[in-house]
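A short write-up of the structure that comes next.
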Amino acid sequence: MKENFSQLVKRARNGDADAFAELYSSVYKDLYHIAVCNLRNSEDAADAVSDTVLDAFASIKKLKDENAFKAWIVRILMAKIKKKQKEYYRDDDTQDISEVEPEVRESNFDGVEILEAISELDENERLVLSLSIVGGYKSDEIAKMLGGKPATIRSQLSRAKLKLRDRLIAE
Numbered sequence: 483m484k485e486n487f488s489q490l491v492k493r494a495r496n497g498d499a500d501a502f503a504e505l506y507s508s509v510y511k512d513l514y515h516i517a518v519c520n521l522r523n524s525e526d527a528a529d530a531v532s533d534t535v536l537d538a539f540a541s542i543k544k545l546k547d548e549n550a551f552k553a554w555i556v557r558i559l560m561a562k563i564k565k566k567q568k569e570y571y572r573d574d575d576t577q578d579i580s581e582v583e584p585e586v587r588e589s590n591f592d593g594v595e596i597l598e599a600i601s602e603l604d605e606n607e608r609l610v611l612s613l614s615i616v617g618g619y620k621s622d623e624i625a626k627m628l629g630g631k632p633a634t635i636r637s638q639l640s641r642a643k644l645k646l647r648d649r650l651i652a653e
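With my numbering applied, the sequence shown covers 483 to 653.
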């Protein structure tokens, strides 16, 4: 980025749409990939990201810490993901790989096996894993977003990675 990130946030808080667009361009791929990891198809992921951007733009003035933009917008995305999941997830329902669109399986991941293994994780494990791997967040940052403890997040992340490894090795 040509301009300092916190300067862009300040400009966006003052109503500068171009500054917000530049901020968004720096995070949109991460937002989309996090959404795809946690939702059933690309349309739902795109909807969640679109809703996130609209809400973020409307409430950017409420962001107090300029350096927290990425974590703040991911928290908004997580709320949108959870809302979308409530529409089609039941407690006993698991996501079947056949329900995921072919272009999502082929274009966003290294293989169908990885996506299938991810889809077998529970909702919270998928969320923690995607925030860590796709979003690049550390356990303390994820803990702040999810309202938990960093040690708990590290444990959940470790268990999710072990489950993925075991499922991928078994195949």
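Beta carbons: idealized from backbone N, C-alpha and C, even for Gly. The structure displayed is predicted, hence computed values, not measured ones.
Distance, Cα to Cα, residue i vs residue j?
| i | j | result |
| --- | --- | --- |
| E602 | S524 | 18 Å |
| K544 | L505 | 16 Å |
| D547 | L559 | 18 Å |
| A528 | I563 | 11 Å |
| A517 | V610 | 12 Å |
| D622 | I635 | 8 Å |
| I651 | Q638 | 20 Å |
DSSP three-state call for residue i: helix, strand or coil?
| i | result |
| --- | --- |
| E525 | helix |
| D604 | coil |
| K552 | helix |
| K568 | helix |
| N486 | coil |
| N520 | helix |
| L545 | coil |
| D648 | helix |
| D498 | coil |
Within 10 Å of its beta-carbon, does residue i have 16 or more other beta-carbons around it, so buried, or fewer, so exposed?
| i | result |
| --- | --- |
| R647 | exposed |
| L569 | It is Glu, not Leu, that sits at residue 569 in the sequence shown. The residue is exposed, with fewer than 16 neighbouring Cβ atoms inside 10 Å. |
| K566 | buried |
| L613 | buried |
Nearest to residue i by CA position, among the options, is which residue?
| i | options | result |
| --- | --- | --- |
| N606 | I596, G497, A561, L650 | A561 |
| S640 | G629, N496, I615 | I615 |
What are the complete alpha helix (DSSP H) segments, minimum 4 residues, inside the segment 609 to 633?
621 to 628
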